[in-house]
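Remarks on the structure that follows.
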Amino acid sequence: KAGVTQTPRYLIKTRGQQVTLSCSPISGHRSVSWYQQTPGQGLQFLFEYFSETQRNKGNFPGRFSGRQFSNSRSEMNVSTLELGDSALYLCASSPSTSTSTDTQYFGPGTRLTVL
Amino acid sequence: AQSVTQLDSHVSVSEGTPVLLRCNYSSSYSPSLFWYVQHPNKGLQLLLKYTSAATLVKGINGFEAEFKKSETSFHLTKPSAHMSDAAEYFCAFHRGNTGFQKLVFGTGTRLLVSP
């Protein structure tokens, strides 16, 4: 099976712009989660989508949003970019059978740099 | 609060010597715990997971971890380090009810392997 794919791998934006990142989960996986990784804050949970619905949300401002499509692919959007949004954004997918603790499988990430 | 603490930010070993990366958890219920590895400019790769089936968990690349409830620990070990093991390692805690896919990560331990 192909792994989790994320596009683009690298992005450079300027303050005030918005950005959309894409994630394709492993085939058959229904849950997609997003994490932000920075040197200062480490790995932090952004949100999780399951069956096109946001099921769980981390402690991030409303500028961070996401969605999931019927084929389980997910996008996350960051509006009005700030310098502090520079980070590696990781997407993870899991089967999410809803009755077990599923393993999350991570993609390679998108490196966002805000200038 | 439920969390994981990685006790060392850096661990240095020589090739061929044992590796010990320490992780303590705090949880009011039986946790699900994971170890992930991240090589430079890569996403997270699952090494192993504990979900209460067996306290000694074997993972990939010769790594294993032992869940010790009395010590609230889940330390990662490997009998003999290889140069390719140099990377950052993250202990993670699955937070939430079944069906909610949210990982809480430790701050990471950078493993340095010298020849």
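These protein sequences, in sequence, are chains F and L. For what it's worth, our numbering labels the leading residue of the first sequence as 16, then goes sequentially. For what it's worth, our numbering labels the leading residue of the second sequence as 51, then goes sequentially. Where is the CB? At the ideal position from N, CA and C, for every residue including glycine. Because the structure is a prediction, the values reported are computed rather than measured.
Taking a Cβ-Cβ cut-off of 7 Å, the neighbours of L/Thr157 in chain F comprise Gly57, given in sequence order. Residues of the stretch 85 to 109 of chain F whose Cβ lies closer than 7 Å to any Cβ of chain L, in chain order: Leu105 and Ser109. Here F/Met91 is bridged, per DSSP, to F/Leu36 and F/Gly81.
Put simply, the backbone Cα of F/Ser108 is about 34 Å away from that of L/Ser164.
By the rule that beta-carbons nearer than 7 Å mark a contact, L/Gly93 touches chain F. Listed by position along chain L, the residues whose Cβ is nearer than 7 Å to that of F/Thr118 are Leu96 and Lys99.
Judged by DSSP secondary structure, L/Asn111 falls outside any beta strand (DSSP E); it is assigned neither H nor E. Around the beta carbon of F/Leu130, fewer than 16 other beta carbons sit within 10 angstroms, so the residue counts as exposed. Assignment of F/Leu98 by DSSP, reduced to helix, strand and coil, places it in the helix class. When Cβ-Cβ separations below 7 Å define contact, F/Pro123 makes contact with chain L. When the beta-carbon positions are compared, L/Val87 and L/Ala137 come within less than 7 Å of each other. For the pair F/Ser94 and F/Leu36, the Cα-to-Cα distance works out to about 12 Å. According to the DSSP assignment, F/Gly57 belongs to the beta strand (DSSP E) that extends over Gly57 to Phe65.
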